[in-house]
Amino acid sequence: MAAAEPLAPRRVGPGQTRAAEPAGRPLPVVTADGVPEDLPPMLAAVGDLPAEGDLRWGYEFKWDGVRALAHVRSGRLRLRARSGNDVTARYPELGPLPAALAGRDAVVDGEVVALDARGRPDFGLLQGRMHRTGPEVARLAATAPVSYLVFDLLALDGESLLGLPYTARRDRLDALGLGSDRWVTTPWFRGDAAGVGQQVQGASRENGLEGVVAKRLDSVYRPGGRGPDWRKVKNFRTQSVVVGGWRPGAGRRAGGIGSLLLGVHDEDGRLVFAGHVGTGFTARALADLEPLLTPRASAPFADALPREVTRDAHWVEPTLVGEVVFTEWTREGRLRHPSWRGLRADQAPADVVVEP
7 MAAAEPLAPR
17 RVGPGQTRAA
27 EPAGRPLPVV
37 TADGVPEDLP
47 PMLAAVGDLP
57 AEGDLRWGYE
67 FKWDGVRALA
77 HVRSGRLRLR
87 ARSGNDVTAR
97 YPELGPLPAA
107 LAGRDAVVDG
117 EVVALDARGR
127 PDFGLLQGRM
137 HRTGPEVARL
147 AATAPVSYLV
157 FDLLALDGES
167 LLGLPYTARR
177 DRLDALGLGS
187 DRWVTTPWFR
197 GDAAGVGQQV
207 QGASRENGLE
217 GVVAKRLDSV
227 YRPGGRGPDW
237 RKVKNFRTQS
247 VVVGGWRPGA
257 GRRAGGIGSL
267 LLGVHDEDGR
277 LVFAGHVGTG
287 FTARALADLE
297 PLLTPRASAP
307 FADALPREVT
317 RDAHWVEPTL
327 VGEVVFTEWT
337 REGRLRHPSW
347 RGLRADQAPA
357 DVVVEP
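In my numbering, each residue carries its 1-based index in the sequence shown increased by 6.
Right, here's the structure in full:
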(Lines of atoms letter the chains of each structure in order from A and count residues from 1; the text may use other names and numbers.)
(Lines give C-alpha, C1' and ligand atoms only; values in the text may rest on other atoms or scores of the structure.)
Protein backbone atom coordinates (compact mmCIF):
# COMPACT_ATOMS: atom_id res chain seq x y z
CA MET A 1 0.00 0.00 0.00
CA ALA A 2 1.41 3.35 -0.97
CA ALA A 3 1.97 5.78 1.87
CA ALA A 4 -0.16 8.41 0.16
CA GLU A 5 -3.19 6.12 -0.10
CA PRO A 6 -6.07 7.36 2.11
CA LEU A 7 -6.80 5.21 5.11
CA ALA A 8 -10.40 6.22 5.85
CA PRO A 9 -12.71 3.44 7.04
CA ARG A 10 -14.82 1.85 4.36
CA ARG A 11 -18.48 2.84 4.52
CA VAL A 12 -21.14 0.18 4.37
CA GLY A 13 -23.63 1.56 1.93
CA PRO A 14 -23.75 3.20 -1.50
CA GLY A 15 -22.13 1.38 -4.36
CA GLN A 16 -22.40 -2.08 -2.80
CA THR A 17 -24.83 -4.86 -3.58
CA ARG A 18 -28.06 -4.53 -1.64
CA ALA A 19 -29.15 -7.59 0.30
CA ALA A 20 -32.62 -9.02 0.20
CA GLU A 21 -35.03 -7.57 2.71
CA PRO A 22 -34.94 -9.33 6.10
CA ALA A 23 -37.54 -11.96 6.81
CA GLY A 24 -40.42 -11.17 9.11
CA ARG A 25 -39.23 -13.61 11.78
CA PRO A 26 -35.79 -14.81 12.97
CA LEU A 27 -34.18 -17.69 11.14
CA PRO A 28 -33.90 -21.01 13.02
CA VAL A 29 -30.92 -21.64 15.29
CA VAL A 30 -28.05 -23.39 13.51
CA THR A 31 -24.42 -24.22 14.12
CA ALA A 32 -21.91 -24.37 11.31
CA ASP A 33 -19.48 -27.26 10.96
CA GLY A 34 -15.74 -26.81 11.30
CA VAL A 35 -15.51 -25.23 14.76
CA PRO A 36 -17.25 -25.90 18.11
CA GLU A 37 -20.69 -24.42 18.70
CA ASP A 38 -19.51 -22.52 21.78
CA LEU A 39 -16.29 -21.19 20.21
CA PRO A 40 -15.33 -17.93 21.97
CA PRO A 41 -13.72 -15.19 19.86
CA MET A 42 -10.01 -14.41 20.04
CA LEU A 43 -9.29 -11.23 22.01
CA ALA A 44 -6.64 -8.53 21.72
CA ALA A 45 -4.41 -7.31 24.54
CA VAL A 46 -4.15 -3.57 25.16
CA GLY A 47 -0.80 -2.18 24.08
CA ASP A 48 1.14 0.19 21.85
CA LEU A 49 2.00 0.01 18.19
CA PRO A 50 4.71 -2.62 17.60
CA ALA A 51 8.10 -1.11 18.36
CA GLU A 52 10.05 -3.61 16.27
CA GLY A 53 8.63 -2.31 13.01
CA ASP A 54 5.69 -2.96 10.73
CA LEU A 55 6.92 -5.79 8.53
CA ARG A 56 5.51 -8.62 10.67
CA TRP A 57 2.16 -6.97 11.36
CA GLY A 58 -1.15 -6.15 9.72
CA TYR A 59 -3.44 -3.34 10.87
CA GLU A 60 -7.20 -2.95 11.11
CA PHE A 61 -9.45 -0.22 12.44
CA LYS A 62 -11.03 -0.91 15.83
CA TRP A 63 -14.77 -0.74 15.31
CA ASP A 64 -17.07 0.61 18.01
CA GLY A 65 -19.73 -2.10 18.33
CA VAL A 66 -20.36 -5.52 19.83
CA ARG A 67 -18.48 -8.66 18.86
CA ALA A 68 -20.37 -11.52 17.24
CA LEU A 69 -19.51 -14.77 15.47
CA ALA A 70 -21.79 -15.60 12.54
CA HIS A 71 -22.44 -19.32 11.93
CA VAL A 72 -23.88 -19.96 8.46
CA ARG A 73 -25.05 -23.45 7.60
CA SER A 74 -27.49 -24.72 4.96
CA GLY A 75 -28.61 -21.18 4.18
CA ARG A 76 -29.36 -20.28 7.82
CA LEU A 77 -27.70 -17.88 10.20
CA ARG A 78 -26.84 -17.94 13.88
CA LEU A 79 -25.21 -14.95 15.61
CA ARG A 80 -23.37 -15.67 18.84
CA ALA A 81 -22.12 -12.85 21.10
CA ARG A 82 -18.78 -12.83 22.89
CA SER A 83 -20.69 -13.72 26.07
CA GLY A 84 -21.95 -16.90 24.39
CA ASN A 85 -25.54 -15.67 24.06
CA ASP A 86 -27.50 -16.27 20.88
CA VAL A 87 -28.39 -12.80 19.53
CA THR A 88 -29.75 -13.81 16.11
CA ALA A 89 -33.28 -12.60 16.86
CA ARG A 90 -32.06 -9.14 17.84
CA TYR A 91 -30.75 -8.32 14.37
CA PRO A 92 -33.15 -9.74 11.75
CA GLU A 93 -31.78 -7.41 9.07
CA LEU A 94 -28.65 -9.58 9.04
CA GLY A 95 -30.75 -12.68 8.25
CA PRO A 96 -30.01 -12.61 4.48
CA LEU A 97 -26.23 -12.93 5.06
CA PRO A 98 -26.18 -16.64 4.05
CA ALA A 99 -27.36 -15.70 0.55
CA ALA A 100 -24.16 -13.69 0.10
CA LEU A 101 -22.18 -16.91 0.59
CA ALA A 102 -23.94 -18.58 -2.35
CA GLY A 103 -24.70 -21.83 -0.55
CA ARG A 104 -21.37 -22.13 1.27
CA ASP A 105 -21.16 -22.84 5.00
CA ALA A 106 -18.92 -20.58 7.04
CA VAL A 107 -18.10 -19.11 10.44
CA VAL A 108 -16.97 -15.49 10.35
CA ASP A 109 -15.89 -13.10 13.09
CA GLY A 110 -16.94 -9.47 13.14
CA GLU A 111 -18.53 -6.53 14.88
CA VAL A 112 -22.19 -5.52 14.89
CA VAL A 113 -22.29 -1.72 14.61
CA ALA A 114 -24.75 1.12 14.16
CA LEU A 115 -23.54 3.70 11.65
CA ASP A 116 -24.07 7.43 11.89
CA ALA A 117 -24.89 9.74 8.96
CA ARG A 118 -21.23 9.79 7.92
CA GLY A 119 -20.92 6.01 7.91
CA ARG A 120 -18.96 5.78 11.17
CA PRO A 121 -19.79 3.38 14.01
CA ASP A 122 -21.63 5.06 16.88
CA PHE A 123 -21.85 3.00 20.07
CA GLY A 124 -24.62 5.22 21.42
CA LEU A 125 -26.83 4.50 18.43
CA LEU A 126 -26.36 0.78 18.98
CA GLN A 127 -27.74 0.95 22.53
CA GLY A 128 -31.32 0.98 21.32
CA ARG A 129 -30.86 -2.42 19.68
CA MET A 130 -28.75 -4.47 22.07
CA HIS A 131 -31.39 -5.66 24.54
CA ARG A 132 -34.48 -5.61 22.34
CA THR A 133 -36.23 -8.93 21.82
CA GLY A 134 -39.92 -8.04 21.54
CA PRO A 135 -42.21 -7.11 18.64
CA GLU A 136 -40.44 -3.75 18.25
CA VAL A 137 -37.36 -5.48 16.81
CA ALA A 138 -38.80 -5.67 13.27
CA ARG A 139 -39.59 -1.95 13.31
CA LEU A 140 -36.13 -1.05 14.60
CA ALA A 141 -34.50 -3.28 11.98
CA ALA A 142 -36.20 -1.17 9.33
CA THR A 143 -35.77 2.27 10.90
CA ALA A 144 -32.43 1.89 12.72
CA PRO A 145 -30.65 -1.04 11.03
CA VAL A 146 -27.29 -2.33 12.14
CA SER A 147 -24.38 -3.44 9.97
CA TYR A 148 -22.00 -6.35 10.38
CA LEU A 149 -18.32 -5.60 9.80
CA VAL A 150 -16.49 -8.88 9.08
CA PHE A 151 -12.75 -9.21 9.74
CA ASP A 152 -11.93 -12.93 10.06
CA LEU A 153 -12.88 -16.31 8.62
CA LEU A 154 -12.78 -19.24 11.07
CA ALA A 155 -14.33 -22.08 9.07
CA LEU A 156 -15.40 -22.65 5.47
CA ASP A 157 -17.44 -25.57 4.12
CA GLY A 158 -16.80 -27.59 7.28
CA GLU A 159 -13.03 -26.97 7.33
CA SER A 160 -11.55 -25.28 10.40
CA LEU A 161 -9.21 -22.42 9.49
CA LEU A 162 -8.17 -21.66 13.08
CA GLY A 163 -4.65 -23.01 12.54
CA LEU A 164 -3.95 -20.93 9.44
CA PRO A 165 -1.96 -17.69 9.72
CA TYR A 166 -3.81 -14.39 9.76
CA THR A 167 -2.81 -13.56 6.16
CA ALA A 168 -4.17 -16.87 4.83
CA ARG A 169 -7.48 -16.45 6.65
CA ARG A 170 -7.74 -12.88 5.41
CA ASP A 171 -7.03 -13.91 1.80
CA ARG A 172 -9.78 -16.52 1.91
CA LEU A 173 -12.17 -14.08 3.55
CA ASP A 174 -11.49 -11.40 0.95
CA ALA A 175 -12.08 -13.95 -1.81
CA LEU A 176 -15.67 -14.45 -0.59
CA GLY A 177 -16.50 -10.92 -1.74
CA LEU A 178 -18.89 -10.08 1.11
CA GLY A 179 -20.35 -6.64 0.54
CA SER A 180 -23.79 -5.07 0.89
CA ASP A 181 -25.46 -2.26 2.78
CA ARG A 182 -25.79 -4.53 5.85
CA TRP A 183 -22.43 -6.36 5.93
CA VAL A 184 -18.98 -5.92 4.48
CA THR A 185 -15.46 -7.30 4.81
CA THR A 186 -13.42 -4.58 6.47
CA PRO A 187 -10.08 -3.39 5.09
CA TRP A 188 -6.71 -4.34 6.51
CA PHE A 189 -3.29 -2.88 5.83
CA ARG A 190 0.01 -4.77 5.64
CA GLY A 191 2.85 -3.11 7.49
CA ASP A 192 5.90 -1.83 5.66
CA ALA A 193 9.02 0.24 6.27
CA ALA A 194 7.06 3.47 5.77
CA GLY A 195 5.22 3.07 9.07
CA VAL A 196 1.76 2.02 7.95
CA GLY A 197 0.71 1.36 11.55
CA GLN A 198 1.12 5.03 12.47
CA GLN A 199 -0.81 6.04 9.36
CA VAL A 200 -3.71 3.75 10.23
CA GLN A 201 -3.73 5.06 13.79
CA GLY A 202 -3.71 8.64 12.50
CA ALA A 203 -6.64 7.90 10.20
CA SER A 204 -8.57 6.31 13.08
CA ARG A 205 -8.14 9.48 15.13
CA GLU A 206 -9.18 11.73 12.25
CA ASN A 207 -12.33 9.66 11.78
CA GLY A 208 -13.20 9.58 15.48
CA LEU A 209 -12.68 5.81 15.79
CA GLU A 210 -11.72 3.88 18.91
CA GLY A 211 -8.25 2.98 17.68
CA VAL A 212 -6.53 0.24 15.72
CA VAL A 213 -5.80 -3.47 16.14
CA ALA A 214 -2.36 -4.75 15.17
CA LYS A 215 -2.22 -8.45 14.28
CA ARG A 216 0.87 -10.54 13.62
CA LEU A 217 0.82 -11.77 10.04
CA ASP A 218 1.66 -15.33 11.11
CA SER A 219 -0.78 -15.46 14.06
CA VAL A 220 -3.21 -18.38 14.27
CA TYR A 221 -6.69 -17.88 15.72
CA ARG A 222 -6.71 -18.75 19.44
CA PRO A 223 -10.34 -18.94 20.64
CA GLY A 224 -10.84 -17.06 23.90
CA GLY A 225 -7.17 -16.12 24.04
CA ARG A 226 -5.87 -12.64 24.80
CA GLY A 227 -2.18 -12.63 23.97
CA PRO A 228 0.57 -10.64 22.25
CA ASP A 229 -0.35 -11.72 18.70
CA TRP A 230 -3.29 -9.29 18.60
CA ARG A 231 -2.78 -5.86 20.08
CA LYS A 232 -5.41 -3.11 20.40
CA VAL A 233 -4.11 0.44 20.47
CA LYS A 234 -6.76 2.76 21.89
CA ASN A 235 -7.24 6.45 21.10
CA PHE A 236 -8.96 6.92 24.47
CA ARG A 237 -9.24 4.87 27.67
CA THR A 238 -12.28 2.68 28.14
CA GLN A 239 -13.18 0.19 30.85
CA SER A 240 -15.87 -2.47 31.08
CA VAL A 241 -17.79 -2.31 34.37
CA VAL A 242 -20.43 -4.30 36.23
CA VAL A 243 -23.46 -2.33 37.43
CA GLY A 244 -24.01 -3.07 41.13
CA GLY A 245 -26.39 -0.31 42.16
CA TRP A 246 -27.58 3.23 41.62
CA ARG A 247 -28.12 6.44 43.51
CA PRO A 248 -31.15 8.75 43.10
CA GLY A 249 -30.91 11.82 40.93
CA ALA A 250 -31.89 15.42 41.50
CA GLY A 251 -33.42 18.10 39.34
CA ARG A 252 -34.54 16.61 36.03
CA ARG A 253 -33.49 13.17 37.27
CA ALA A 254 -35.39 13.39 40.55
CA GLY A 255 -37.16 10.13 41.35
CA GLY A 256 -34.95 8.12 39.03
CA ILE A 257 -31.33 7.13 38.44
CA GLY A 258 -28.80 9.85 39.11
CA SER A 259 -25.65 7.73 38.92
CA LEU A 260 -24.64 4.09 38.62
CA LEU A 261 -22.41 2.29 41.12
CA LEU A 262 -19.76 0.29 39.29
CA GLY A 263 -17.51 -2.67 40.00
CA VAL A 264 -14.75 -4.79 38.49
CA HIS A 265 -13.35 -8.15 39.56
CA ASP A 266 -10.01 -8.28 41.36
CA GLU A 267 -7.33 -10.95 41.07
CA ASP A 268 -9.25 -13.18 43.49
CA GLY A 269 -12.44 -12.96 41.45
CA ARG A 270 -14.23 -10.65 43.93
CA LEU A 271 -16.40 -7.84 42.65
CA VAL A 272 -14.92 -4.65 44.10
CA PHE A 273 -16.22 -1.11 43.97
CA ALA A 274 -14.73 1.05 41.18
CA GLY A 275 -16.67 4.28 41.65
CA HIS A 276 -19.82 5.79 40.22
CA VAL A 277 -20.76 7.44 36.94
CA GLY A 278 -23.39 10.13 36.51
CA THR A 279 -22.53 11.64 33.11
CA GLY A 280 -22.84 10.45 29.54
CA PHE A 281 -26.47 9.34 29.86
CA THR A 282 -29.32 10.40 27.64
CA ALA A 283 -32.88 10.39 28.96
CA ARG A 284 -33.62 7.47 26.62
CA ALA A 285 -30.61 5.52 27.89
CA LEU A 286 -31.78 5.87 31.49
CA ALA A 287 -35.34 4.89 30.57
CA ASP A 288 -34.09 1.78 28.78
CA LEU A 289 -31.78 0.89 31.66
CA GLU A 290 -34.23 0.98 34.57
CA PRO A 291 -36.33 -2.12 33.68
CA LEU A 292 -33.14 -4.15 33.24
CA LEU A 293 -32.06 -3.64 36.86
CA THR A 294 -33.05 -6.33 39.37
CA PRO A 295 -33.16 -5.04 42.99
CA ARG A 296 -31.39 -6.85 45.83
CA ALA A 297 -31.21 -6.21 49.57
CA SER A 298 -27.46 -5.83 50.03
CA ALA A 299 -24.45 -4.52 48.17
CA PRO A 300 -22.93 -6.97 45.64
CA PHE A 301 -19.44 -5.55 46.24
CA ALA A 302 -16.95 -7.50 48.38
CA ASP A 303 -15.16 -4.45 49.81
CA ALA A 304 -16.35 -1.79 52.25
CA LEU A 305 -17.97 1.24 50.62
CA PRO A 306 -17.84 4.83 51.89
CA ARG A 307 -20.85 6.11 53.86
CA GLU A 308 -21.61 8.82 51.29
CA VAL A 309 -22.29 6.05 48.77
CA THR A 310 -24.23 3.58 50.92
CA ARG A 311 -26.59 6.04 52.62
CA ASP A 312 -28.90 6.37 49.62
CA ALA A 313 -27.78 3.49 47.39
CA HIS A 314 -30.20 1.10 45.69
CA TRP A 315 -28.49 -2.25 45.15
CA VAL A 316 -29.06 -4.44 42.08
CA GLU A 317 -28.00 -7.88 40.96
CA PRO A 318 -24.59 -7.60 39.21
CA THR A 319 -25.78 -8.98 35.88
CA LEU A 320 -25.39 -5.98 33.57
CA VAL A 321 -22.11 -4.99 31.94
CA GLY A 322 -21.49 -1.47 30.68
CA GLU A 323 -18.59 0.59 29.42
CA VAL A 324 -17.18 3.96 30.47
CA VAL A 325 -14.54 6.27 29.11
CA PHE A 326 -12.30 7.75 31.82
CA THR A 327 -9.01 9.57 32.43
CA GLU A 328 -7.16 7.32 34.90
CA TRP A 329 -7.39 5.01 37.93
CA THR A 330 -6.94 6.67 41.31
CA ARG A 331 -4.66 5.27 44.00
CA GLU A 332 -7.77 3.94 45.76
CA GLY A 333 -8.83 1.95 42.71
CA ARG A 334 -11.56 4.31 41.56
CA LEU A 335 -12.29 5.50 38.04
CA ARG A 336 -11.45 9.18 37.62
CA HIS A 337 -13.92 11.28 35.60
CA PRO A 338 -15.82 8.35 34.08
CA SER A 339 -18.50 8.97 31.46
CA TRP A 340 -21.06 6.33 30.50
CA ARG A 341 -20.85 4.93 26.97
CA GLY A 342 -23.55 2.28 27.19
CA LEU A 343 -24.33 -1.34 27.94
CA ARG A 344 -22.27 -4.18 26.52
CA ALA A 345 -24.30 -7.23 25.58
CA ASP A 346 -21.21 -9.11 24.38
CA GLN A 347 -19.50 -9.54 27.76
CA ALA A 348 -20.28 -11.67 30.80
CA PRO A 349 -19.99 -9.97 34.22
CA ALA A 350 -17.45 -12.54 35.44
CA ASP A 351 -15.06 -11.47 32.65
CA VAL A 352 -14.90 -7.82 33.74
CA VAL A 353 -11.48 -7.02 35.19
CA VAL A 354 -9.25 -3.97 35.19
CA GLU A 355 -7.99 -3.38 31.66
CA PRO A 356 -4.38 -2.24 31.16
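We treat Cβ as the ideally placed atom computed from N, Cα and C, and that holds for glycine.
Since the model is a prediction, treat every value here as computed from it, not as a measurement.
Closest to Arg232 by C-alpha separation, out of Arg79, Glu43, Glu361, Val78, would be which residue? Glu361
According to DSSP, is Asp272 part of a helix, a strand, or is it coil? coil
Assuming Trp194 and Arg176 make a contact with CB atoms under 8 Å, what is their CB distance in whole Å? 6 Å
Same chain only: Cβ atoms within 7 Å of Val358, ignoring 5 sequence neighbours per side: Ser246, Val247, Val248, Val270, His271, Val327
For Arg340, which residues from the same chain have a beta carbon less than 7 Å from its beta carbon, with the 5 sequence-adjacent residues on both sides left out? Ala280, Gly281
Does the count of Cβ pairs from the region 43 to 55 and the region 236 to 245 closer than 8 Å reach three? yes
What does the alpha-carbon distance come out to for the pair Ser265 and Ala181? 48 Å
For Ser304, count neighbouring Cβ atoms within 10 angstroms of its own Cβ and tell me buried if that reaches 16, exposed if not. exposed
For Glu212, name the three-state secondary structure that DSSP assigns. helix
How many angstroms separate the CA atom of Arg342 from the CA atom of Phe332? 6 Å
Continuous alpha helix (DSSP H) stretch holding Thr149: start and end: 142 to 149
Rounded straight-line distance, which links the Cα of Pro46 to that of Phe287: 30 Å
Of all the options Leu162, Gly109, Gly130, Trp346, which has the alpha carbon lying nearest to the alpha carbon of Ser80? Gly109
Compute the Euclidean distance between the alpha carbons of Ala148 and Gly183, then round it to the nearest angstrom. 25 Å
In whole angstroms, what separates the C-alpha of Ser89 from that of Tyr97? 16 Å
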